[in-house]
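What follows is a short report on a single structure.
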Amino acid sequence: MKKWSGLLIISFFMLLLAACGSSEESDANESKESSGDEGKSGKSYTVATDNNFVPFEFLNEDTGEMEGFDMDLIRAVADEAGFEVEIESMKFDGVVAGMQSGRYDIGIAGMTITEERAETIDFSEPYYDAGLTIAVQESNSDIKSEDDLAGKKVGTRSGTTSEQYLKENHPDAEVVTFPGIVEAYMDLQAGRVDAVMYDVPNVKYYVNNDAKGELKTVGETLQGEQYGIAFPKDSELVDPANEALQTLIDNGTYDDIYEEWFGERKYGTESSE
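Residue 1152, in the numbering used here, is where the sequence shown stops; the numbers in between run on with no holes.
Shown next as structure tokens:
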């Protein structure tokens, strides 16, 4: 009897230890799963952006950081959606190509939503209403609108909708393309081109802040456009980004950012602060 009693006691303790081990393993697995979920929510994605499209994205030479409306917006979208972003700046053509090849996860660079681009990349809902305009020298009285561009040298940035617009609508103009739009403005100030056509906010910013009174805008806003955040085709980030963007619009954060860079509130929402 004593022998059987001893065996029963040993068996009981072995079962108890096995149960404890199973419970600890289950707790460990749950901890790992929980940790995995947290890691996923805090995942980091690479954002491709233009290296010089004031006031949307540009390098602050004092801090070495990329700043601008787009930079503040994409960081706010990422924060709202629960992920982190790493910014990489390049020429605009590189942003588009990077989205088409899937090299980068996100692209934001004052990129106009077009049917052609939408064939190879995905876009968020529009986040900025834009268009094209023309800049000329302050003393120029020959060019008053796009109707006066025939036979003129018109500068713009390569690979942009303004280049496409000029080639499609002004075949009689000599289109001169530049890798960076600031180079086009400088050539305009130096008299090497007669006019520059580019996105309204960038043209106005340069004319008002950097042209030293030497340039002016003429004519009406051309070809109403909208900017979108870009993604590789079929990206799983499109829906979370759209949801975050709408939340930022609803809670006033978008207007806070917009006001900082453009001096007014687009939607008239109250400050989020």
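Ideal Cβ positions, reconstructed from N, Cα and C, are used throughout, including at glycine.
Same chain only: Cβ atoms within 6 Å of Q1068, ignoring 5 sequence neighbours per side
Here the question's residue 1068 lines up with position 189 in the sequence shown. Around Q1068: E1093.
Cα-Cα, which of G961, S1151, T1132 is closest to G921?
Numbered from its first residue, the sequence shown carries residue 921 at position 42. Selected option, being the one with the closest Cα: G961.
Who pairs with D1008 in a beta bridge, going by DSSP?
Counting from 1 along the sequence shown, the entry for residue 1008 is found at position 129. Answer is Q1105.
Hey, how far is the Cα of V1075 from the Cα of D972?
For the purposes of this step, residue 1075 is taken as residue 196 along the sequence shown, with counting starting at 1. For the purposes of this step, residue 972 is taken as residue 93 along the sequence shown, with counting starting at 1. Whole-angstrom Cα-Cα distance: 19 Å.
Does the stretch 1035-1043 come within contact of the stretch 1106-1120, defined as at least 3 CB pairs closer than 8 Å?
no
In whole angstroms, what is the alpha-carbon distance linking A1120 and D929?
Position 241 of the sequence shown holds residue 1120. Position 50 of the sequence shown holds residue 929. Distance between the alpha carbons of A1120 and D929: 20 Å.
When Q1102, P1080, K1095 are compared against L1045, the one with the closest alpha-carbon
By 1-based counting over the sequence shown, the position of residue 1045 is 166. When each option's Cα is compared against that of L1045, the closest is Q1102.
Going by DSSP in three states, E1138 sits in which element: helix, strand or coil?
As a working note, residue 1138 is residue 259 in the sequence shown. Helix at E1138.
Can you find the residues in the same chain that come closer than 6 Å, C-beta to C-beta, to D984, ignoring five residues on each side of it along the sequence?
Taking the sequence shown and counting its residues from 1, one reaches residue 984 at position 105. Correct list, in chain order: Y924, T925.
Would you list the residues sitting across from P1111 in a DSSP beta bridge?
To locate residue 1111, count along the sequence shown from 1; it is residue 232. DSSP lists I1000 as partners of P1111.
Close-in-space but distant-in-sequence residues of the same chain around A1029 (CB under 8 Å, 5 per side omitted)
Looking up residue 1029 in the sequence shown gives position 150. So the list reads H1049, D1051, A1052, once near-sequence residues are dropped.
Grab me the residues of L938's own chain with a C-beta within less than 8 Å of its C-beta, minus the 5 sequence neighbours each way, in chain order.
Locating residue 938 in the sequence shown gives position 59, counting from the first residue. These residues qualify, in order along the chain: N930, N931, E944, M945, E946, S968.
Buried or exposed for K919, please, with buried defined as at least 16 other CB atoms from any protein chain shown within 10 angstroms of its CB.
Taking the first residue of the sequence shown as 1, we reach residue 919 at position 40. The predicted position of K919 is uncertain, since its pLDDT is 39 and thus under 50; a value taken from the coordinates is nonetheless stated next. Exposed, because fewer than 16 other Cβ atoms sit within 10 Å of the Cβ of K919.
Per the contact definition of three or more C-beta pairs closer than 8 Å, is the stretch 994-1003 in contact with the stretch 1014-1032?
no
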